[in-house]
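In terms of this note's numbering, the sequence shown opens at residue -11 and continues consecutively.
The beta carbon of each residue, even a glycine, is placed where N, CA and C say it ideally should be.
Just so it is clear, the structure is predicted and the values come from calculations on it, not from any experiment.
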Amino acid sequence: LIEKSNLNRQFLFRQNDIQKFKSDVAANAVISINPDINIKSYQHKVCPQTEQTVFNDDFFKQQDLCVNALDNVEARRYMDTR
C-alpha cells in the first residue's frame, strides 16, 4: 500500500493515493497516459509460495513486460531470479 513517505520518491503517486495498492495506482496512471495499453495489476506477494499458483513460468512467458512495485530487498532479489 502507498504510504505518505512514498510520495516524495514515486512520481505516479499523489496524496489521495495513500492506502491504495501501488500496483493499481501505477496501472491507472499509465492507462491515463495511454488508454490503449493492456495492463493488469496484481497484489500477490512475489515469493516461492506464489511461484506455483500465480507467478509461474507460464505467467512470465505470456508477458511482454513486467513492472514491479516492490519495496523490499527480498522481493527484488527473488524477482531478479525469475
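| Query | Result |
| --- | --- |
| Please report the residue range of the alpha helix (DSSP H) in which V18 lies. | 10 to 21 |
| I need the straight-line Cα distance from D12 to K49, nearest angstrom please. | 22 Å |
| Using DSSP with H/G/I as helix, E/B as strand and the rest coil, what is S29? | coil |
| Which residue's Cα is closest to the Cα of I27: L53, D68, V34? | L53 |
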